[in-house]
Amino acid sequence: MSLLVKSNARGRTMVELGQGELEYVGFAAYRLSLGETLPVSAGDKELCLVLLSGRVSIKGEAPGQGAFDWDNIGDRQSVFEDKSPFAAYLPPGSQAQVVALSEVQIAVCAASGSTAENLGPRLIKPDTMKRSVRGKGANTRYVCDILPDTEPAHSLLVVEVRTPSGHSSSYPPHKHDTDDLPHQSFLEETYYHQINPPQGFVFQRVYTDDRSIDQAMAVENSDLVVVPKGYHPVSVPYGYESYYLNVMAGPKRVWQFHNDPQHSWLLDL
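In structure tokens:
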């Protein structure tokens, strides 16, 4: 299967991962006009709604947890602003309505859920998110942990990364496709990309040691890359800036990765 899911230039759904393409991870991104409503139903999944841009109100109910109502949230107009997003965690069984109070882009990140932890719905505010700089030189990128493994959830991990013009990201190449803790965890992953300016592109390669998967993709604005396993570096051409939103999930909620030994010498530069 192709690991590149092309985005839709028009309509409410910008991009969506097909049903059953991954075992643990689900993803969709939507554009909403002022006043438009997006219904959200978690079913047997847990969800993290990430407000990419614009302002919304989110109202709904979670079983056994009662109603929630978060009004007029959101304070960035682009994912390329130097700001963390607003996000919301919804446990399995939740029902919600997202109402757009401006032009809006919103991501719905999903993973296998469980009611055993008895987690309630919660608003995740920007000032609670850890921001960090990763790498050095032309490997520098800027990370915001939206739902890391230090915060409560069943299996879902969510992070966003901005990579400057001419830089590499998710690099040196690393993977997390083997259940071998504490050395490596098994996590599926998706990359939702945006490019600035939007007519640009980035390159992403997904490959395994045995090359049973080896796909190199030119990724355009709002495209989605699927990483069922393997290494998955990103390269950003000069003149364009990269943003991606990562969703990860697997049988254990631990992010422990393994660098490609052919390229691990880069860490000593």
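Its first residue numbered 12, the sequence shown is counted upward by one per residue in the working numbering.
Glycine is no exception: its CB is placed at the ideal position from the N, C-alpha and C atoms.
Remember, it's a predicted structure, so these values are computed and weren't measured experimentally.
Going by beta carbon distance, what residues of the same chain come within less than 6 Å of residue i, once the five residues before and after it are set aside?
i, result
"residue 243", "181 and 217"
"residue 125", "165"
"residue 163", "130"
"residue 96", "61 and 62"
"residue 268", "185 and 187"
"residue 116", "42, 63 and 64"
In the structure shown, what three-state DSSP assignment does residue i receive?
i, result
"residue 77", "strand"
"residue 126", "coil"
"residue 113", "coil"
"residue 156", "strand"
"residue 19", "coil"
"residue 151", "coil"
"residue 275", "helix"
"residue 33", "coil"
"residue 168", "strand"
I'd like to confirm the pairing. Which residues does DSSP put opposite residue i in its beta bridges?
i, result
"residue 72", "78 and 106"
"residue 142", "155"
"residue 270", "185"
"residue 121", "37 and 58"
Between which two residues does the beta strand (DSSP E) holding residue i run?
i, result
"residue 40", "36-43"
"residue 48", "48-52"
"residue 24", "24-27"
"residue 90", "No beta strand (DSSP E) holds residue 90; DSSP gives it neither H nor E."
"residue 64", "56-64"
"residue 99", "98-101"
"residue 264", "Taken as a continuous stretch (DSSP letters only), residue 264 belongs to no beta strand (DSSP E), as it is neither H nor E."
"residue 280", "Where residue 280 is concerned, there is no enclosing beta strand (DSSP E), given that its DSSP letter is neither H nor E."
"residue 281", "Absent from the model: residue 281. The displayed extent of the chain is 12 to 280, so no value can be given."
Please return the same chain residues whose Cβ sits closer than 7 Å to the Cβ of residue i, not counting the five positions on each side in sequence.
i, result
"residue 24", "39 and 41"
"residue 189", "195 and 197"
"residue 33", "199, 237 and 239"
"residue 81", "68, 69, 99 and 134"
"residue 234", "15, 16, 17, 18, 26 and 204"
"residue 35", "122, 123, 166, 199, 260 and 261"
"residue 241", "186, 188, 217, 218, 219 and 224"
Can you list, in chain order, the residues of its chain whose CB lies under 8 Å from that of residue i, leaving out five sequence neighbours each side?
i, result
"residue 251", "176, 206, 207, 208, 211, 212 and 213"
"residue 171", "61, 90, 96, 154, 155, 157, 254, 255, 256 and 257"
"residue 48", "108, 109, 110 and 111"
Spell out whether any CB of chain C is found under 7 Å from the CB atom of residue i.
i, result
"residue 280", "Protein chain content of the structure displayed is limited to a single chain, and chain C is not contained in it."
task = Please list the segments of the beta strand (DSSP E) lying wholly inside the segment 171-259, counting only runs of 3 or more residues, in order along the chain.
result = Qualifying beta strand (DSSP E) stretches, in chain order: 188-191, 195-197, 199-207, 212-218, 225-231 and 235-238.
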